[in-house]
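Undergrad: Sharing a structure with you now.
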Amino acid sequence: MANEDCTNGLNMYTCACSAGYAGTPCADIDECASTPCMANEDCTNGVNMYTCACSAGYAGTPCADIDECASTPCMANEDCTNGLNMYTCACSAGYAGTPCADIDECASTPCMANEDCTDGVNMYTCACSAGYAGTPCADIDECASTPCMANEDCTDGVNMYVYLCVLCWLCWDSVCR
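First residue of the sequence shown? That's 118 in my numbering, and the numbers climb one at a time after it.
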C-alpha cells in the first residue's frame, strides 16, 4: 500500500508505515500539531518534517514585528503609525485635508482688537498692531513724547501724529513761524 515499507520473508511479508506516517491505513503525521514553532512563526507540515517561517509582518530571528513606518511611506505633514503587517498615515497636528495642509489658525480671528495674528504650525501668535502697545493693546500716544515744537499743536492718531501751527503762525519747511 502507499506510504508503507514492506519486507519479504519466508512465506510471509511484513509492512510498516514509512517514516512520517502512522496509523491504518498509513497517514501523514502532522508534525505541526505539537506547535513546535516559536511566537510569530507559522508552521508548514511536510513528510516526516516541518518548517517554521516568520508570520506576515514579522522578520528576523526571533521573528519581530517589521516597522513598516521605517521606510517613511507617508507624505509630507503626515505621521505614520506602525501596525501588525500594516501602517496608517494621518495628518500631523496642525494639518488637515488631502493632501495634509497647514490649518490657518488665524482664520477664526482668535486675536483681540488692535492685534495682528501670525499663523504657525499648530499654533498662532497675537501681537499688537503698529501704533498699539500693552495688554490689552492700546493706542500709543505719539504726542506724549512731545515731538512738536513751540507754537505747534499735536494731535494723536493711530501710529502717527499730526501737528498744526497755532496762533495763526505759518508753517514753513515743516517749522511753525
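Just so you know, even glycine gets a beta-carbon here, dropped at the ideal spot from N, CA and C.
Excluding the 5 residues flanking Y278 on each side, which residues of the same chain have their C-beta closer than 7 Å to its C-beta?
TA: E259, C260, P264, C271 and T272
Undergrad: CB D221 to CB V238, shorter than 8 Å?
TA: Against a cut-off of 8 Å, the Cβ pair of V238 and D221 comes out as no contact.
Undergrad: Given this structure, state the Cα-to-Cα distance separating T242 from E158, to the nearest angstrom.
TA: When rounded, the distance between both Cα atoms is 53 Å.
Undergrad: Could you tell me the distance, in whole angstroms, from the CA atom of A139 to the CA atom of D196?
TA: Cα-Cα distance, rounded: 55 Å.
Undergrad: Which value, in whole angstroms, describes the spacing of the CA atoms of C143 and G174?
TA: 37 Å
Undergrad: Should C132 go down as buried or exposed, given a rule of 16 or more other Cβ atoms within 10 Å for buried?
TA: exposed
Undergrad: For the beta strand (DSSP E) that A244 lies in, which residues bound it at each end?
TA: Counting along the chain, A244 sits inside the beta strand (DSSP E) bounded by residues M240 to C245.
Undergrad: Give me the DSSP bridge partner(s) of G274.
TA: M277
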